[in-house]
Every structure is written in structure tokens, then in C-alpha cells.
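A.B. asks:
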Amino acid sequence: DNKNENKEIAMKAHKQQKVVQKWVDDVNKVLERKVQQLIMVNNGSSHYGGKVKVFGRLTVPKKFNAEVDVTHRRIDYLLPADLLYGPKIRTMFQSPDASAATSATNADDKSLSLNEFCDLLTSFNRGQTIEQSNTRGLLTYLHKLKRLMQSLCTQIVELDPNANANAKAKEVEHDNNCYSDNNDDSAMKTKKKKKHKSGKTAADSSDRVHVGSKDGAKDEKLEESKTTNELNNTKKIGKDLYALKRRRFHNFTPKMMAHEFLAYRRLDRMYHRATVRPNELTHSSNFDIGLQSIGSRPFVALSLKGDLFLNGQSRAIIGLFVAIVLGYIDEDIVECIFDEDYSSLVPAPVAPNFGQYAAEAWYISWEGKMKAILCPRECHTYLNGFNRVEILKELSEFQDEMYCNIMRSWNL
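According to our numbering, the stretch in the sequence shown is residues 1021 to 1432, in order.
#1: Counting only runs of 3+ residues fully inside the region 1305-1369, write out the beta strand (DSSP E) ranges in chain order.
#2: First and last residue of the alpha helix (DSSP H) that includes Tyr-1423?
#3: Going by alpha carbons, who is nearest to Asp-1327 out of Tyr-1284, Lys-1032, Gln-1041, Ile-1337?
#4: In whole angstroms, give me the CA-to-CA distance for Glu-1417 and Glu-1178.
#5: List the whole-angstrom C-beta distance separating Cys-1424 from Leu-1301, where the pair is believed to meet the contact cut-off of C-beta under 8 Å.
#6: Using CA atoms only, rank isn't needed, just tell me which of Val-1072, Trp-1382, Gly-1106, Glu-1025 is closest to Gln-1056.
#7: Quick one: residues in its chain with C-beta nearer than 6 Å to the C-beta of Ile-1349, no 5 flanking neighbours on either side, listed in chain order?
#8: Could you have a look at Glu-1300 and say whether DSSP puts it in helix, strand or coil?
#9: Of the residues Leu-1104, Leu-1165, Leu-1162, which one's Cα is nearest the Cα of Asn-1135?
#10: From the DSSP output, which residues share a beta bridge with Arg-1268?
#11: What residue from Arg-1335, Lys-1389, Gln-1419, Ile-1393 has the CA that sits closest to Pro-1081's CA?
#12: Excluding five sequence neighbours on each side, which residues of the same chain lie with their C-beta closer than 6 Å to the C-beta of Met-1422?
#13: Within its chain, find whatever has a CB closer than 8 Å to the CB of Gln-1170; leave out the 5 residues flanking it on each side and keep chain order.
#14: Taking 7 Å as the cut-off, decide whether the C-beta atoms of Phe-1374 and Leu-1098 are in contact.
#15: Does DSSP put Val-1047 in a helix, a strand or coil?
#16: Taking the alpha-carbon of Glu-1410 as reference, which of Glu-1025, Asn-1048, Thr-1079, Phe-1075 has the nearest alpha-carbon?
#17: Could you spell out where the alpha helix (DSSP H) holding Leu-1099 opens and where it closes?
#18: For the putative contact between Val-1370 and Ala-1336, defined by C-beta atoms under 8 Å, what is the C-beta separation to the nearest angstrom?
#19: Straight-line CA distance for Asp-1288 to Ile-1029?
#20: Checking 7 Å against the spacing of the C-beta atoms, do Ala-1381 and Val-1090 come in under that value?
Given below as C-alpha cells:
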């Protein structure tokens, strides 16, 4: 009986998977036709206009909102490594082929050429790490680029523990005074009468009234516990020395002003995700039309991770980063462009739109509620969701296809 039940369950799952796969194929055909129509209507150029693909479907609760409930998003941008060949890397260290007898006045022979810089970049794909590096000077340069990326992200600011403790103490005192005025008015009047008659001061223990007591009872233990709690709260506040401060990204979008609330965005991380070459991609043979002229030229994938991106924000961040690396803009512009006291607009340069694509959207809280993997990845915590081997393989092929299309659009 158990074997028959298992067979029936497997057959139902297989039939359901076939139905879902047919629905996925039909939807992808419609999406591809719609996207091609939009490309021809908007520009009709040879640049990569984008592609949308569906890999499956899940039944979700009615309260689930794919746009609002997202925990964080990740947007990737693929650009040629030539755009990272700035003036600092040219003079940071001598070329490996430069001889010791080269004249010191000839700086061009000592500087690193573009081809040598591209050859030094070690290829690593998504999710991989670099085992070793050929040149220490290159690591120093990449570390400087990392620092520049960090300066564009949301900063962690240090708080003043004394200021927070004083503010908390004033707040507690204000609340207690309000409670005393509303609930212990009669008790306070009685205390004043006794003080006036006996001439005793408020410091006398016999006439001390606890603020939190409703009947005006004399309780020194409660008074001491109140003071101890206030000190404990101050210590707890003092331990919290840092906070994540959002920044105004109104200079990174054409449709947002500085005073608007949505201008405050959180950019958690910006990092170098991959260095790829067309001839090293796993599935590049299926999409290698027009890539022969590129050869082994490296491309760098930069990732931006945040909660919500404004219109054009990611491309403006990449554009500003590239402009600083190439030396067109000084690095001090970062402090100016995020300065809340500077009222004038400082629009950031915008990178082309064909280099970016939506990479991930995480729903951490809903994965626990639905017991399913909502962001495609290799995870065996839940059996349901977008963690099947077939989906991950199709996703890898789709990412290689996007890489090849973007590389072709750069027209190198």
C-alpha cells in the first residue's frame, strides 16, 4: 500500500511539473515577443534591450506582495575592464616587461599598459573566489577601488552615548512627571500640607512619596529600584554606539527632490562580483555570435545591494564610480553629493542602461512562512521553491546569455 501511494504521489508531482513547464514556455514566448516590440518602438538600436524570463511558479498567500515584501534587492552591472584602467594604476608600479636600463624620464615605458592590466585580472565567475594574484600592486589598486565603493554605500555612524543617556533620562523624568500630575495630585497636595505644618524638608524619609505609587505610600525600596532601572537603561544605551544612517540619493535620479522622504535610501553593499571573459563562459558557445572580435577581453561585474532603488539610481552610482576611477571627477565629489547642507543639485553621470540587469530579490520572512525557497539558489532547507537543479541550470545559462548580449552591446 505504501509503495502504491508513493507511486501515485510521484505521478501527480510529475504531471504537475509538466503542466507548470508548459505554462512557463508559453509565458516566455509571450514575454519575448512583447520585449522585442518595446525595443523596436523605443529605440530600435543594436544595443541589448533586455530580456525577461520565467522559470516557474508558486502558490503564495493573498497577503504576499512581491514589490513591498522584498527584503533586499541586488542589481548587477557588467562593464569592460577598460573602464577601470585609471591614471592611478598606470603609475602605481612598473610594467613587468620594463627593463632596468629604461630612462627615468620616460614615464610611458614604466607605466602599466592597458593590455597588461587586462592580462593581470584573474577570471572568476559568480560565487567563486580568487585563489592567487599575479601582482601585489594590482591588489593594492583593487583595494583602493573597494574603498571607493564603500564610500558610496550607506555609512555606519558613531553615536554619542552621553547624549543619548541624557535624552533618555529627560524622557523618563518627563513621563514620570506627567504620571504624577495625572494620578497623584491629591497625594502631592497632602504632602505639601504636612510639610507646611511640620516644617520638614522633602529629604525626610517620613514624608517621601514614590512617584509611581497610586495611593501615595511611602516606599523607599521602590524609589531605589526606580533609580537603579534608570541607570541600567543608561548603560544599555551607552553600549549601542553605532547606527546605520540612510543617505539622500536625490542626486542619483532625475525624478526625486532632496526634501522628499523616498530620497533616503539604503545601499548596503557595492562590490566586485565577477571577472569574466567571453571565451571562458560555460554556455558562451550558444550565444557567441558577434563575440569573436572581443576575444579574451575581460569584463567586470559590479553588484549593488540595497532595499529599494530609485529610477536610474544604480546606473548613476556606476557612472559616478567610473568617472572617479578614470580621473574625470575628483573623489571629493562623494562628500559633496551626499552633503545634506549643500542645497544645490549635483547630478551624477549616468552609465548606459544596457549594462545592468536585476540579479536577486530576497524574501527572507516569507520563506519561513511559506516553507519555500523564493530566491533561486542551492539550498536544501525547504523542498519547495526555486531550488531544483533544473531551475538553477536554466538560470546559469540565462545569466551567460545576458553576459554575452551585454558584451556584444559594448561594441568593443
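For every residue, glycine included, the Cβ atom is placed at its ideal position computed from N, Cα and C.
C.D. replies: The structure says:
#1: 1319-1326
#2: It spans 1409-1429 - the alpha helix (DSSP H) in which Tyr-1423 sits, taken as one unbroken run.
#3: Per the C-alpha coordinates, the member of Tyr-1284, Lys-1032, Gln-1041, Ile-1337 positioned closest to Asp-1327 is Tyr-1284.
#4: 44 Å
#5: Going by Cβ atoms, the distance from Cys-1424 to Leu-1301 rounds to 7 Å, so yes, they are a contact pair.
#6: Val-1072
#7: Shown here for Ile-1349: same chain residues with a beta carbon closer than 6 Å to its own, the five before and five after excluded, namely Ala-1343 in chain order.
#8: helix
#9: Leu-1104
#10: In DSSP, Arg-1268 forms a bridge with Tyr-1284.
#11: Lys-1389
#12: Correct list, in chain order: Tyr-1377.
#13: Met-1290
#14: no
#15: helix
#16: For Glu-1410, the nearest C-alpha among the options comes from Phe-1075.
#17: Element bounds for Leu-1099: not the alpha helix (DSSP H) but the beta strand (DSSP E), 1092-1100.
#18: The C-beta distance from Val-1370 to Ala-1336 rounds to 5 Å, short enough to meet the 8 Å contact threshold.
#19: 44 Å
#20: yes
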